[in-house]
Each structure stands twice: as structure tokens, then as C-alpha cells.
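To start, the structure under review is shown below, and the notes come after it.
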Amino acid sequence: MSKNLVIVESPAKAKTIEGFLGKDYIVKSSFGHVRDLSKNQLSVDIENGFEPQYEITADKKKLVAELKKLAKDAEMVWLASDEDREGEAISWHLFTALGLKEDKTKRIVFHEITKSAITSAIENPRKIDINLVSAQQARRVLDRLVGYELSPLLWRKVKPSLSAGRVQSVTVRLVVEREEEIKEFEVTSAYRVTAIFSVNGKSGPGLKAELSERFPKEEEALAFLKSCINADFTVSAVEKKPTKKTPAAPFTTSTLQQEASRKLGFSVGNTMRVAQHLYESGKITYMRTDSVNLSGLALKLAKDEITSSYGSKYVKTRNYTTKSKGAQEAHEAIRPTEMSVSSITGTSEEKRLYDLIWKRTLASQMADAELEKTTITIDISKSEYKFVASGEVIVFDGFLKVYLEGNDDDTSEENADLLPPVKNGQQLNPVEIVAQQRFTRGPARYTEASLVKKLEELGIGRPSTYAPTISTILKREYVVKEDRPGQTRSFRVYNLVDDKITDKTETETYGYEKSKLFPTDIGILVNKFLFQYFESIIDYNFTANVEKEFDEIAEGRQQWNTMIREFYGPFHKKIEDTNENSAKFSGEKLLGIDPVSGKNLFVKVGRFGPMVQLGDTDSEEKPKFAGLNKTQTMETLTLADALELFSFPRSLGLFEEKEMTVAIGRFGPYVKHDAKFYSLAKTDDPATVDAERAIEVIITKREKEQQGTIVEFQQEPELKVLNGRYGPYIKFKKDNFKIPKGTDPAKLTFEDCQRIIGNPENAPKKAFKGKRK
DNA sequence: CAGTGAGCGAGCTTCCGCTTGACTT
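Counting from -7, one number per residue, gives the positions in the first sequence under the numbering used here.
Pasting the structure below:
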């Protein structure tokens, strides 16, 4: 039996530490929090000082029982959760849930997973910091009160099953407001003038320069080009300036998500999933962190690696400090555990993410890159304007040898690497001067990763919640992640060659979007509701302000429930007031009048989402309703679109003596025939689809089903053995059943199947909690 | 998985932050 029980948060950490501590210690993991407020009720006693009612989380019951037993048998229990607000609370919950005794419990913390760090932690134990625990409790209770009082209000006023919260609602607001900025942005154009000069005869490399001025008007650009005819072009200045570039700091969760998005095209969820694998196999340090700090050991390993691979002049040891708001720094930056391992075995995604982390970490400990920036100014004899050419030459590559951080916007003008040598006073001959109409670009839509970056800047959310927050607002359909095709537009180009000006009109595509976040009608409406009634909750500074109060609680300068009381009073009053005194918030808009019936036609959000309504709600005759298409939005819907929606279901005539109809359901347009549904393709327009196409769709689906069917039974047409995405399975009505290992699915008899279905062990599991439709 | 939207009334939905697997049709 072990004398000592050590409890950490993560099982991977537990395994490593156990190796350091020897046989007198058993090291276990709590897998994060073990207790929480009950999911099914508020679980905060408003009447009694906001006392939280905790329970052991369902999936932790077994674990807590096991830990309790181990703790009972141990002489000393060491609570070693992370040294931050949540970590302190985890220790306190463990203390309470395991029924630990104060004289048999010690709280320890360490920042590095090394033998010396652990040993030193064991030698310097402390008590649980109850003030820090109170700060966490305030955070937890505040989030619960906000989430569980605002959400039900949304169910009543907007639409069932919606949600609101301190983090998600601000995240949605960011996306909604960015879309508004894009809509309000006024595109203007101006003429950008560039020239290519020959330097040493026409064969040599040209010198590319840009005019220091842009002309908003076509006439101005043309007038300038005219002034260049027969003009002299003289170099009036050649300026060389040394500059340097410094490497980016090592990865935090947020910067890893951004770079993996920019360079590898990963979603934030995918980045975290791959990083988790790398962490569990011991290849990288912990991946949920807001710290850019590297341990002393890591600094030494990096230095050794750089010295041996590139030489000592590439080494520059740097200590980074975190500047982001609300950082708690319980961990190191994300780095390889062994800097000497430059590549790993694993999936392609794991290899690529590891490579990124390895390079970023190494570069952060390398010398600055030294560059020489050259700027050449060219005077024009017949004009006041000047051409400017600039170029950059790398004198010493430094960290650029391994890594350069990516950029979110691709607007940066390209710099020529190397400029041909010219002297002050030298005459240049223009090969070509081009004035091209260029358009301004509005703000960029968010990607998942750039949204995370914004959240981090605002101090909203934590490394462990960035990816889940994005998932939540996508799941609630407040926001969609989509590609949008670009549009084309024409622009004017004037060309001056051999003293002659020619002009032409060319076209370009713009506004093409890939995997960008767009607000939906629901997202826009919920945001509007919250903005109208609860602006303080979705204020960008709300989190920052409450964080200040949590800090005061952590320092023992304020009682946690005093803070909550001060918040809850006015908040709850506003909830009740809005509940009683506001009407349904449906975003109803009158589109026009139906020319056939003369009735009003509205667009609004109903119980099942955006819809059109023909006739007034309070009229004697019940209004007609129809849901919007997935591709339609309330804002852009026209009267004609709305009228078309009422033309469904539309009959397409008979096929095999049964009627075919086309309609639009929750999952898009479909054809219904003989009580079966057949989805139409994205390219089909339900308004014009004909019988011929419908029959084609029906037959294709039948063929596909036939291919997937292994066995059918005459006794029971609803029982089948099918071949699905995960291999063969048995389908009976709406339930699916696994086939026992070692059974040939093609040889299953009707009796076999009945036995499998009848076995209670194979009974279909209740749907996952997250699988709500 | 698909057709809904009145009104009645039952019962359900929901937060943020810590951690991993089990499981999918």
C-alpha cells in the first residue's frame, strides 16, 4: 500500500510524475473538475447567500469512489491541481468530495514537470487558498445565473432551445457587428500608378517603382500619365537603412490555433484534437495554456539544438512575458518536450502540427534577422510627384532560417527582394507606366481562429473554451461557417508605353470567402434582443470588469456573495421586467401584400426558425405559414420569394400509380413518393423541378439503397442487414444494432436478427446529450 | 430526419471551465 496519494488534473501528467516519485507515491488524475452545479436546475440558493448546490458529476462518480478509497488508505494526500483559480477550486472540491482531513492533506503546485520541480513542491506544501476558491465560486455562480436566467427568457420571447451566456453572446455579437461594418463599408476606388524602368539597357533587370500618390479620379490619373510623356526620370535619392525582425513568442493555445488555421488550414477544434494526441504521446507540453513562458530546461534544450544545427551565432535566449488580459499562467507555453526531435512519426496532421510547434519554439530562441531596406526616389521632370522603389535584402537570416509567422490579411504590398544598383543623379528610361484602378477593401469576416484571437484580446473565454465556444455558436445556428463565391467587377487600366497611352477595361473577382463566419437570422435577432434589454451583459468590457472583482475576492478584499448580490439584484429585476412587459421578439417585417388574396405578407422568426406568414395573426382566418429555404435570409427575402414558398407542396403527377410531390422541409427540398422521402440535390430548384427529374432522384436512391442492403426478410420488411459507413449493421425500424464479432453478416437468418434485437444488452442507447436536433 | 406555426398543457431546452475517451450509421 502506498503511503502517499498525489492527485493531479491530467492523466498524462500523472503518469510522468509517478515516474519521478518512486514507490511510496501513487499518482492519480481527477480528469478536471469532479463536482459541479446540477445541470437540470439553477442550483444556486438565491434566498440563502447564493449558496451553490454542488453534486458529483455523473461521469466522475466511479472515479471519486476510487479516489476516496485510496485517500482513506493513504497517510497523506497531496492535492496537485494547477495553480490558478480553477485548479484551486478543483483541489477544494476534491477535499470536500473525498472527505479529506486537514492534517492529512497538503496542497502543492509546480510549473514544470521535472523531478527537481516536483521534489521542491513536495518540500514546500501549503493550505488550500480559500479566497481563490471563493473567486472561482463567484465566477461559476455568475455564469450560471446569467446563462440560466437569460436562456429561458429567450425561449419565451424569441424561440425555444436558444441560449445566452457571458462568453457565447459576446462572441455572436462580434460576428454580427463585423457583418454590419462590412455592409456599411463604402467601396471607393483610386488609380495606383506603377512603373518599370530599365537600368542598364533593356536586357537587364528592371526597377519597379510606385508613385507616392494615388488618384481618386480617372482624369487626374490620365493627366499624370500625359505629364510623363517625354519627361526625364532622375534618381534623386538612394537611402539604405538597416532594420531587423524579431521572432514571435512561443505558442499559446490561441496563437497555435491561429497559425494552424493560417498555415495548415485547420479548424480550431481540429488543432486541439491533434494537439491532444501529441500531448498524450508525450511529444509536446500541455496544449491549453495562455503562457508564453518557457522553462529553464526548455531554454537550454533549444540553445543546444540551435548551436548544434546552425552555430552559436544563431542563438539568442529570450524570456517572453505574457501580456494578454486575464492570463492565469498555470502552464508553460506549448513546446516540444524534446527540442532535439525535429520530426515525429504519426498521422500527417500530427506531423504537420508538430513541425509548426517545433519551428516556432526554436525560432523564438534564435537571433534577430538583420535586413537592409533600400528606398530609391525618382523625380519626374514635368511633375511634382515622385516614384518610389523599395526593396529589402536579408543580411543575416537569424530566426528566419526556420520560421516566419503568418499574416491574417493578404493586403500587404509585395516588396522586391533585391533592387538593381543605381546611383544618385542617374537617368532612367521608363519601359512602361501603368495607372490601374484599385478598390478599397472593407473589414475582413472572421475565421474561427481570428475570432479566437479577438476573444483573447478582449480577455473573454479561456484556452480550454475557445474551441467549444465556436462549436456552441455554430450548433445554436447563431453563426454559420461557409464558403461564398466571389463577384466580378471591371476596372480601368491606362498604359503608357513608348510615349503612347492606351486604355482598356479588365475584370477581376473579389469577395471570395472560404470558411468564414456569417451571422444567421437567428443570431442577428438574438443579438438585437440582448442589445436592447441586456446591453451590459454583452458589453465588451463586461468580462474584464467582473474579472477585476474576482481578483479582489481572490485577494480577500471582497466577499464573493456580496459581489454576486450586487450583480444579481438589478440583473434579475431586468429579467422579470422584460418577461412581463415585452412582446414576442420575432423580428416581424411586412414584406408586402399578396396580389391574389390581398392579405399582408410577413417574414419573421417562428418556433422552427425564419418563416413567412400570409395574413395577420389576429385575423379571424388562420394565417398560412411556410419556412424559409436554407439559402434564404430574412433580410434579403423579396415578396416574390415569399409567394413562391407558398406554392409547396407541389404535385408532380403520378409515378408507379402513386403521387409525387415536391416540398421544402427542415433539411432542404425533397420529393415525396409512396410515403418515402428523397432529397433533391443542391443544384435542383424545387420551384421548377419536373417529374422526369423527380423519377431520376427516386431511382438513384433506390439503387443506392439496394447496394447497401446485404439481407432482406420477407417476414418483416422493416428488418434489414445493411452496409453502412462503419461496416455492416442490423436495422429494425428506426433502431440500429451491432452485429456480434465473427459473424458473417450475409448469413444472418431472420431468427439470428430477432435474437440480437431481443437481447437487452444490445438495446439502443439513449441519444447523446449533445445530439439534439 | 422531412409535412410544423392557433390554443390548451405536459415536459424539455440553457451557462462556463476543468479534463478525456466512447461512440457514431
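For glycine and all other residues, C-beta sits at the position ideal for the given N, C-alpha and C.
Legend entry - Any non-hydrogen atom of the ligand FMN closer than 7 Å to Phe705 Cβ: With respect to small molecules bound, the structure shown includes none, and the ligand FMN cannot be examined in it.
Legend entry - Where Val387 falls, given that 16 or more other Cβ within 10 Å makes a residue buried: exposed
Inset, instruction - Could you spell out the range, first to last residue, of the alpha helix (DSSP H) harbouring Tyr346? - result: 340 to 356
Inset, instruction - Take Glu212 as the anchor and find which of Lys237, Phe225, Arg184 has the nearest alpha-carbon. - result: Arg184
Legend entry - Continuous beta strand (DSSP E) stretch holding His665: start and end: 660 to 665
Inset, instruction - Decide if Asn116 is buried, meaning its Cβ has at least 16 other Cβ atoms within 10 Å, or exposed. - result: exposed
Legend entry - Cβ contact (3+ pairs, closer than 8 Å) linking the segment 429 to 449 and the segment 171 to 188: yes
Legend entry - Cα-Cα separation, Lys151 to Phe600: 8 Å
Legend entry - Of the listed residues Asn621, Ile452, Asp610, nearest to Ser316 (C-alpha basis): Ile452
Legend entry - Reduced DSSP category for Lys763 - H, G, I as helix; E, B as strand; rest coil: Bear in mind that the predicted position of Lys763 carries a pLDDT of just 32, short of 50, making it too unreliable to give a figure here.
Inset, instruction - For Val36, collect the residues of the same chain with a Cβ closer than 8 Å to its Cβ; drop the 5 residues on either side in sequence, then sort them by chain order. - result: Leu29, Phe42, Glu43, Pro44, Gln45, Val133, Arg136, Leu137
Inset, instruction - Report yes if the C-beta distance between Glu362 and Pro234 is below 8 Å; otherwise report no. - result: yes
Inset, instruction - Please state whether DSSP places Pro737 in a helix, a strand or coil. - result: helix
Inset, instruction - Would you decide whether Tyr99 is buried or exposed? Buried here means 16 or more other CB atoms lie within 10 Å of its CB. - result: Contrary to the premise, residue 99 reads as Arg rather than Tyr in this sequence. With 16 or more Cβ atoms within 10 Å of its Cβ, Arg99 is classed as buried.
Legend entry - Three-state class that DSSP yields for Val56 in the structure shown: helix
Inset, instruction - Using DSSP bridges, identify the partner residues of Leu606. - result: Leu593, Lys616
Legend entry - DSSP three-state assignment for Arg27, whether helix, strand or coil: strand
Legend entry - Opposing strand residues paired with Tyr17 [DSSP bridges]: Asn(-4)
Legend entry - Proximity to Tyr458 [Cα-Cα], best of Ser259, Asp543, Phe647, Ala738: Ser259
Legend entry - Cβ pair count under 8 Å reaching 3, the segment 186 to 193 against the segment 433 to 453: no
Legend entry - Cβ neighbour criterion (16 or more within 10 Å) applied to Phe177: exposed
Legend entry - Alpha carbon of Asp282 to alpha carbon of Glu324, nearest angstrom: 8 Å
Inset, instruction - Determine the burial state of Leu217: buried for a count of at least 16 other Cβ atoms within 10 Å of its Cβ, exposed for fewer. - result: buried
Inset, instruction - Using alpha carbons as the reference points, say which of Leu13, Gly24, Tyr17, Leu(-3) lies closest to Pro3. - result: Gly24
Inset, instruction - Keeping to the same chain, check which residues put their C-beta closer than 6 Å to that of Glu104; ignore five residues upstream and five downstream. - result: Ser287
Inset, instruction - Within its chain, find whatever has a CB closer than 7 Å to the CB of Gly478; leave out the 5 residues flanking it on each side and keep chain order. - result: Thr501, Tyr502, Gly503, Tyr504
Legend entry - Separation of Arg206 from Thr163, as counted between CA atoms: 38 Å
Inset, instruction - Quick one: residues in its chain with C-beta nearer than 6 Å to the C-beta of Pro197, no 5 flanking neighbours on either side, listed in chain order? - result: Pro412
Legend entry - Residue ranges of each beta strand (DSSP E) within the segment 95 to 182, 3 or longer: 97 to 99
Legend entry - Ala294 versus Asn285, Val284, Val307, residue with shortest Cα-Cα distance: Val307
Inset, instruction - Quick one: residues in its chain with C-beta nearer than 7 Å to the C-beta of Tyr721, no 5 flanking neighbours on either side, listed in chain order? - result: Leu714, Asn728, Phe729, Lys730, Ile731
Inset, instruction - Identify the continuous beta strand (DSSP E) that holds Asn487 and give its terminal residues. - result: 479 to 489
Inset, instruction - Check whether the segment 261 to 278 touches the segment 327 to 342, taking contact to mean three or more Cβ pairs, one atom from each stretch, closer than 8 Å. - result: yes
Inset, instruction - Give me the Cβ distance between Val167 and Val471, rounded to the nearest whole Å; I'm assuming they're in contact under 8 Å. - result: 5 Å
Legend entry - At least three beta-carbon pairs within less than 8 Å, the segment 244 to 260 to the segment 381 to 396: no
Legend entry - Which of helix, strand or coil DSSP assigns to Gln268: helix
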